[in-house]
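So the structure is just underneath, and the comments pick up after that.
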Amino acid sequence: MQRRTCLTFFLLPVLAYGQPAEHIKPASQITIGFSNIGAGVNAYVATYTAAFNTYAKQLGVRTVVLDSQADAARQASQIQSLIVQQVDVLIVWPINAKAVVPAVRKAHLAKIPVVITNSQIDPSGEPYTAAFSGPDDYSQARIAAQLLVDALKGQGSIVILDGLPGYTASQRRSEGFKEVLGHYPGIQVLDAQPANWSRERGQSTMENFIILFGRRIQGVLSASSDMGVGALAAAKGAVSDGRLSRLPVFTDPTLTADAYDAIKAGDYSASVLQSPEADAKSALKVALDIAQGRTPPKKVFIDTPAVTRESISRLPRPGF
Amino acid sequence: MTPRLWLSRSSRLALSFAVLALVILLALRIPALLSAENAFQVLRQAAVQGIMAAGVTFVILAGRLDLSVGSLLSLCSVAAVGLHDVVGPGWAIAAALMLGVVVGAVNGLLVAGFRLNSLVATLGMLSVLQGVTLLSTGGRNASVVNPENTWFSWLGRGHVLGVPVPVVILAVLTVVLSILLTRTCFGRYVRATGSNETAARYSAIPTRRVIFITYLISGLMTAVAAVVMGSRVMGARNDSGTGYELTVISGIILGGTHLSGGCGSVVRSVGGILALGFIQNAGVLLGLPYYFQWIVIWAVIVGAVWVTLAVQRRRVFA
Numbered sequence: 002m003q004r005r006t007c008l009t010f011f012l013l014p015v016l017a018y019g020q021p022a023e024h025i026k027p028a029s030q031i032t033i034g035f036s037n038i039g040a041g042v043n044a045y046v047a048t049y050t051a052a053f054n055t056y057a058k059q060l061g062v063r064t065v066v067l068d069s070q071a072d073a074a075r076q077a078s079q080i081q082s083l084i085v086q087q088v089d090v091l092i093v094w095p096i097n098a099k100a101v102v103p104a105v106r107k108a109h110l111a112k113i114p115v116v117i118t119n120s121q122i123d124p125s126g127e128p129y130t131a132a133f134s135g136p137d138d139y140s141q142a143r144i145a146a147q148l149l150v151d152a153l154k155g156q157g158s159i160v161i162l163d164g165l166p167g168y169t170a171s172q173r174r175s176e177g178f179k180e181v182l183g184h185y186p187g188i189q190v191l192d193a194q195p196a197n198w199s200r201e202r203g204q205s206t207m208e209n210f211i212i213l214f215g216r217r218i219q220g221v222l223s224a225s226s227d228m229g230v231g232a233l234a235a236a237k238g239a240v241s242d243g244r245l246s247r248l249p250v251f252t253d254p255t256l257t258a259d260a261y262d263a264i265k266a267g268d269y270s271a272s273v274l275q276s277p278e279a280d281a282k283s284a285l286k287v288a289l290d291i292a293q294g295r296t297p298p299k300k301v302f303i304d305t306p307a308v309t310r311e312s313i314s315r316l317p318r319p320g321f
Numbered sequence: 189m190t191p192r193l194w195l196s197r198s199s200r201l202a203l204s205f206a207v208l209a210l211v212i213l214l215a216l217r218i219p220a221l222l223s224a225e226n227a228f229q230v231l232r233q234a235a236v237q238g239i240m241a242a243g244v245t246f247v248i249l250a251g252r253l254d255l256s257v258g259s260l261l262s263l264c265s266v267a268a269v270g271l272h273d274v275v276g277p278g279w280a281i282a283a284a285l286m287l288g289v290v291v292g293a294v295n296g297l298l299v300a301g302f303r304l305n306s307l308v309a310t311l312g313m314l315s316v317l318q319g320v321t322l323l324s325t326g327g328r329n330a331s332v333v334n335p336e337n338t339w340f341s342w343l344g345r346g347h348v349l350g351v352p353v354p355v356v357i358l359a360v361l362t363v364v365l366s367i368l369l370t371r372t373c374f375g376r377y378v379r380a381t382g383s384n385e386t387a388a389r390y391s392a393i394p395t396r397r398v399i400f401i402t403y404l405i406s407g408l409m410t411a412v413a414a415v416v417m418g419s420r421v422m423g424a425r426n427d428s429g430t431g432y433e434l435t436v437i438s439g440i441i442l443g444g445t446h447l448s449g450g451c452g453s454v455v456r457s458v459g460g461i462l463a464l465g466f467i468q469n470a471g472v473l474l475g476l477p478y479y480f481q482w483i484v485i486w487a488v489i490v491g492a493v494w495v496t497l498a499v500q501r502r503r504v505f506a
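Written out as structure tokens, the structure reads:
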């Protein structure tokens, strides 16, 4: 009887105060965990990571950044350790859209909101995420394909250079290309080969295409600028040898410094601006909004405008 | 001539015939395969791996392995391309070559000096070099800002009397290294060390110094290949050379060099690389899906090893 009265006395003050009043956590008390795809994967990720760290410092939030080096299994275990560390928000850059779903689900069950950045998660994982922030590979690829079709005026034969097989970005860009090209029966796709995001492979694959198809190649659609610039080098060599009568039309969905120079020089036709700085800032903003109790839209797409020979002069040279 | 020597010589001949037969069959099927334009292109694309194979052959002949050549290729090409705009092409090339020799020396020290297992030591070096490359670039690509205005591009993209420069470099180095292997004392020491290291040591051959020098050769050749590759692409990534060590060793095996060491030749190793290049190229010309090429290479290598063993043991299934 006495114990129960004691307990009641203890419990009363707690019950009286009840739930703490709604308050916005200041940025300095927020910890954001980030499961990165791997700064060594390519220059885009490296620039993103640097911008992420700079912007996080500006905002004053604490971050825990883990690099999974493009290994899906390592990413799963790193997400697990971020859950254990009880971060306030988790930002995930999925290496593989499907493979990351179980880990994201665990975070959701542990009541940690997850923000997906850059590459979208498989639809089966979307109920476990709070938001997506980043570029839309699919629509960027559609813009690049449309730019090529417009430059060729709807008629001609082209070759396609795809990204590394198995990456979500490669698949979505490939789908974007196909979707637009399907509307134009006058455009014939001679061949589509993966060039693994590599400039050297882009160059050698283009050389093979030139041997196979010669002057029939009128346009080259690359899933990334690196491969496109490599293919441009191969085409230039072929033009000077006389194997090609003139340079084909080149477009791709992600602008890099070398593509910028090539567009300015007039060799390259068009590209799409996907800024890793904007990508990183958007992810951090969305994560901070969620941590501070606001509800951002479920999908936040960064602006990815087309870059043509006419609009290039208004843009600064990308840093990567 | 002892029976054992005759058997291994006939098995190597059988392998060479089998590979040649395969290439000729493919050429009959695809007339464009051996056209001048295509052949020069295959040679130019395979030149990088061919130069590497010429150097790694020495290491394998001495009975050791060098798995770090892929990462070293990335590192040296990043160095050459990255330094091009900073110190000029001449010094950039010199720096890349020096880097290759230094890494070769470290490998040599670990394997010959400290007597570490060469597989383990060079595998570790593979990771270390990858890390060094990533650290120095911060993940960014290296590229030359003005590819048209520099003589550096001639090494990878130029022509000499109609022959691509990388092919010329490959040919010259193959001849030089072949002479080194077959006509000098050092070459004989390398093969002796590989066939029977104990006997070689008791014959007053400085086996440890010989192994050390083979690693220097391997490092230097990889650096040369890196300069050629960097010049061809005018750009370099951190993972430009990833996986190259496997294709190089595959080409060397296809050329009839035993991994246990002792017998083999530089010319045939380069030939193995070129054969692999033609077979891969045939896959592209036939329009085979990209993934198919990996299966084809596997089949070719397994077939090569089987042919060698079958002739050696005089039985189809050993």
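Chains as they are written, first to last, in my numbering: chain F, 2 to 321; chain A, 189 to 506.
C-beta: ideal position from N, C-alpha, C; glycine also.
In this text, all values refer to a predicted model and were calculated from it rather than measured experimentally.
Just the Cα atoms here: how many angstroms apart are residue i and residue j?
{"i": "A392 (chain A)", "j": "D254 (chain A)", "result": "25 Å"}
{"i": "R503 (chain A)", "j": "V333 (chain A)", "result": "59 Å"}
{"i": "T325 (chain A)", "j": "L260 (chain A)", "result": "14 Å"}
{"i": "A234 (chain A)", "j": "L208 (chain A)", "result": "17 Å"}
{"i": "A22 (chain F)", "j": "R295 (chain F)", "result": "The predicted position of A22 (chain F) is uncertain, since its pLDDT is 44 and thus under 50; a value taken from the coordinates is nonetheless stated next. Rounded to whole angstroms, A22 (chain F) to R295 (chain F) spans 16 Å at the Cα level."}
{"i": "V93 (chain F)", "j": "I38 (chain F)", "result": "8 Å"}
{"i": "A152 (chain F)", "j": "M207 (chain F)", "result": "20 Å"}
{"i": "L323 (chain A)", "j": "Q76 (chain F)", "result": "21 Å"}
{"i": "L148 (chain F)", "j": "R310 (chain F)", "result": "11 Å"}
{"i": "G135 (chain F)", "j": "S120 (chain F)", "result": "7 Å"}
{"i": "P249 (chain F)", "j": "R376 (chain A)", "result": "54 Å"}
{"i": "K300 (chain F)", "j": "A131 (chain F)", "result": "9 Å"}
{"i": "P335 (chain A)", "j": "V294 (chain A)", "result": "33 Å"}
{"i": "L343 (chain A)", "j": "V353 (chain A)", "result": "6 Å"}
{"i": "R177 (chain F)", "j": "Q275 (chain F)", "result": "It should be pointed out that residue 177 (chain F) corresponds to Gly in this sequence rather than to Arg. Roughly 16 Å separates the two Cα atoms."}
{"i": "S314 (chain F)", "j": "L165 (chain F)", "result": "31 Å"}
{"i": "V488 (chain A)", "j": "T435 (chain A)", "result": "12 Å"}
Identify the continuous beta strand (DSSP E) that holds residue i and give its terminal residues.
{"i": "A193 (chain F)", "result": "I188 to P195"}
{"i": "F251 (chain F)", "result": "V250 to T252"}
{"i": "A271 (chain F)", "result": "A271 to V273"}
{"i": "N536 (chain A)", "result": "Limits of chain A in this structure are 189 at one end and 506 at the other, which puts residue 536 (chain A) out of reach."}
{"i": "I159 (chain F)", "result": "G157 to D163"}
{"i": "R63 (chain F)", "result": "R63 to D68"}
{"i": "S125 (chain F)", "result": "Counting along the chain, S125 (chain F) falls outside any beta strand (DSSP E), and DSSP gives it neither H nor E."}
{"i": "I33 (chain F)", "result": "T32 to N37"}
Measuring only between beta-carbons, confirm whether residue i sits less than 9 Å from chain A.
{"i": "L213 (chain F)", "result": "yes"}
{"i": "N209 (chain F)", "result": "yes"}
{"i": "F321 (chain F)", "result": "yes"}
{"i": "Q76 (chain F)", "result": "no"}
{"i": "P195 (chain F)", "result": "yes"}
{"i": "A258 (chain F)", "result": "yes"}
{"i": "P166 (chain F)", "result": "yes"}
Please list the terminal residues of the continuous alpha helix (DSSP H) segment that includes residue i.
{"i": "D138 (chain F)", "result": "D138 to A152"}
{"i": "I1 (chain F)", "result": "This structure cannot speak to residue 1 (chain F), because chain F is shown only from 2 to 321."}
{"i": "I248 (chain A)", "result": "A224 to L249"}
{"i": "N54 (chain F)", "result": "A44 to L60"}
{"i": "S134 (chain F)", "result": "No alpha helix (DSSP H) contains S134 (chain F), which is instead part of the beta strand (DSSP E) from A132 to G135."}
{"i": "I303 (chain F)", "result": "Where I303 (chain F) is concerned, there is no enclosing alpha helix (DSSP H), given that its DSSP letter is neither H nor E."}
Within the 9 Å Cβ cut-off, does residue i reach chain F?
{"i": "G258 (chain A)", "result": "no"}
{"i": "E225 (chain A)", "result": "yes"}
{"i": "W486 (chain A)", "result": "no"}
{"i": "L317 (chain A)", "result": "no"}
{"i": "L322 (chain A)", "result": "yes"}
{"i": "T435 (chain A)", "result": "no"}
On the premise that residue j lies in contact with residue i, defined as a C-beta separation below 8 Å, what is that separation, rounded to the nearest angstrom?
{"i": "G229 (chain F)", "j": "I188 (chain F)", "result": "G229 (chain F) to I188 (chain F), Cβ: 18 Å. No contact."}
{"i": "V454 (chain A)", "j": "T245 (chain A)", "result": "5 Å"}
{"i": "V160 (chain F)", "j": "I218 (chain F)", "result": "6 Å"}
{"i": "L530 (chain A)", "j": "R379 (chain A)", "result": "Given a span of 189 to 506 for chain A in the structure shown, any question on residue 530 (chain A) remains unanswerable."}
Interfacial residues, the segment 43-65 of chain F to chain A, with Cβ spacing under 8 Å: N43, A44, V46, A47, T48, T50 and A51
Check each residue of the segment 226-242 of chain F: if its Cβ is closer than 8 Å to any Cβ of chain A, include it; give the result in chain order. D227, V230, G231, A234 and G238
By the 9 Å beta-carbon criterion, what residues does the segment 409-431 of chain A contribute toward chain F? M417, R420, V421, M422, G423, A424, R425, N426, D427 and S428
Using a Cβ-Cβ cut-off of less than 9 Å, give me the residues of the segment 383-397 of chain A that come near chain F, in sequence order. So nothing in the stretch comes that close.
Beta carbons nearer than 7 Å to chain F: which residues of the segment 327-348 of chain A have them? So the close ones are G327, R328, N329, S331 and R345.
Where the segment 177-204 of chain F meets chain A: residues whose CB sits under 8 Å from a CB there: D192, Q194, P195, S199, R200, E201 and Q204
Residues of the segment 461-477 of chain A with a CB closer than 8 Å to any CB of chain F: list them in chain order, please. N469, V472, L473 and G475
Please list the residues of the segment 208-240 of chain A that have a C-beta atom closer than 8 Å to any C-beta atom in chain F, keeping them in chain order. A220, E225, N226, Q229 and Q233
Tell me which residues of the segment 29-44 of chain F have at least one Cβ-Cβ distance to chain A shorter than 9 Å, keeping chain order. Correct list: G39, A40, G41, V42, N43 and A44.
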